[in-house]
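As you go down the protein sequences, you meet chains A and B in turn.
Using this note's numbering, the letters of the first sequence correspond one by one to residues 717 to 825.
Using this note's numbering, the letters of the second sequence correspond one by one to residues 15 to 128.
C-beta atoms are modelled at their ideal positions from N, C-alpha and C, and glycine is treated no differently.
Remember, it's a predicted structure, so these values are computed and weren't measured experimentally.
Below you'll find the structure, written out as C-alpha cells, and then a few comments.
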Amino acid sequence: GEDVEQSLFLSVREGDSSVINCTYTDSSSTYLYWYKQEPGAGLQLLTYIFSNMDMKQDQRLTVLLNKKDKHLSLRIADTQTGDSAIYFCAGTGGFKTIFGAGTRLFVKA
Amino acid sequence: DGGITQSPKYLFRKEGQNVTLSCEQNLNHDAMYWYRQDPGQGLRLIYYSQIVNDFQKGDIAEGYSVSREKKESFPLTVTSAQKNPTAFYLCASSGGTGALGEQYFGPGTRLTVT
Numbered sequence: 717g718e719d720v721e722q723s724l725f726l727s728v729r730e731g732d733s734s735v736i737n738c739t740y741t742d743s744s745s746t747y748l749y750w751y752k753q754e755p756g757a758g759l760q761l762l763t764y765i766f767s768n769m770d771m772k773q774d775q776r777l778t779v780l781l782n783k784k785d786k787h788l789s790l791r792i793a794d795t796q797t798g799d800s801a802i803y804f805c806a807g808t809g810g811f812k813t814i815f816g817a818g819t820r821l822f823v824k825a
Numbered sequence: 015d016g017g018i019t020q021s022p023k024y025l026f027r028k029e030g031q032n033v034t035l036s037c038e039q040n041l042n043h044d045a046m047y048w049y050r051q052d053p054g055q056g057l058r059l060i061y062y063s064q065i066v067n068d069f070q071k072g073d074i075a076e077g078y079s080v081s082r083e084k085k086e087s088f089p090l091t092v093t094s095a096q097k098n099p100t101a102f103y104l105c106a107s108s109g110g111t112g113a114l115g116e117q118y119f120g121p122g123t124r125l126t127v128t
C-alpha cells in the first residue's frame, strides 16, 4: 500500500528558509497535501499540489513535486517563530488519505 | 461557523472501562474518519465512514467501535479490549462540493487510561 516518509525533525533560525522533504510510494494520488499541526491541536491544510503540477507557490510557501523520484517538498521562506509546528505530507490512496509521520520544525529566534 | 468539534479535550479513565469520544461536524460532509496519533508515529486510521449507516475498519480497528447514525456525528468507543488506549485521538471529515479531497480536523481528544 501507500507509504509516506518524512524526516522527523528540522531546526532553523528565524528569517532563514525551511525545507521539509517527503517521499511517497504510490504515484496514483491525485492531490498531495501539506498539513500543519500546532501543539495540542488538530491538523490544518496548509497547501496542496495537483499531481500534474511540478511547483506551486502560495505567499511564503513553495511546493515542489518530482514525480519521477516520488519526492515532495515544502519550502517556507522567511521562517518565523509562529511556523514552529509539526508538518505532515499526505497523499490520497484510494478513498483513504495516507499521512507521513510528520516533521517537527523548530524555529530559533 | 462551520467546523468539527470533539469533546472532551481531555479524558481520563481507569483500565477496563469503555469510553466514548464525541465527534460532530456541521460541514455537510459525507465522509468522516478517526485517527490515533502517538509521538513519532504520525496518524493511524482507526475507522472511516463514507456515508450514513456505513463504516469501514482502518489499519488499527481492533479494540475500537464506531457508529454513524447521523451524517453529523461519528462517535468512537474505545473498549477495554484496546491494549494501549492512551493516545491523542483526531476526528476528521471530507467531502462537499468542489472538494480537493482534503480533510478537516477537529481539535482532538487526549485520552489517558491508568
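Query: Candidates B:LYS97, B:ASP44 and B:ARG50: closest to B:ASN67 by CA position; Result: B:ASP44
Query: Test: A:THR819 CB closer than 8 Å to a CB of chain B; Result: no
Query: Within chain B, the residues that A:TYR749 reaches when beta carbons sit closer than 7 Å; Result: GLU116
Query: Beta carbon proximity, B:PHE119 to chain A, threshold 8 Å; Result: yes
Query: Proximal residues, the stretch 748-769 of chain A versus chain B, C-beta separation under 9 Å; Result: TYR749, TYR751, GLN753, GLY756, ALA757, GLY758, LEU759, GLN760, LEU761, TYR764 and PHE766
Query: Straight-line Cα distance separating A:GLN722 from A:GLY816; Result: 6 Å
Query: Proximity test, Cβ basis, 8 Å: B:GLY54 and chain A; Result: yes
Query: Members of the stretch 791-805 of chain A that neighbour chain B once the beta carbon cut-off is set at 7 Å; Result: PHE804
Query: Within chain B, partners of A:GLY816 - CB distance below 7 Å; Result: GLY56
Query: Nearest-angstrom Cα separation, counted from B:PHE88 out to A:GLU754; Result: 24 Å
Query: Within 8 Å, strictly: CB atoms of A:GLY807 and A:VAL728; Result: no
Query: For B:ASN42, the residue or residues it bridges with in DSSP; Result: According to DSSP, B:ASN42 bridges with nothing at all.
Query: For B:LEU104 and B:TYR49, believed in contact at Cβ under 8 Å, the rounded distance; Result: 5 Å
Query: Inter-stretch contact (C-beta, 8 Å, three-pair minimum) for the stretch 68-78 of chain B and the stretch 18-33 of chain B; Result: no
Query: Residues that B:GLN64 contacts on chain A, provided the C-beta gap is smaller than 8 Å; Result: PHE811
Query: Closest residue to A:LEU780 among A:PHE822, A:SER800 and A:TYR749 (Cα-Cα distance); Result: A:TYR749
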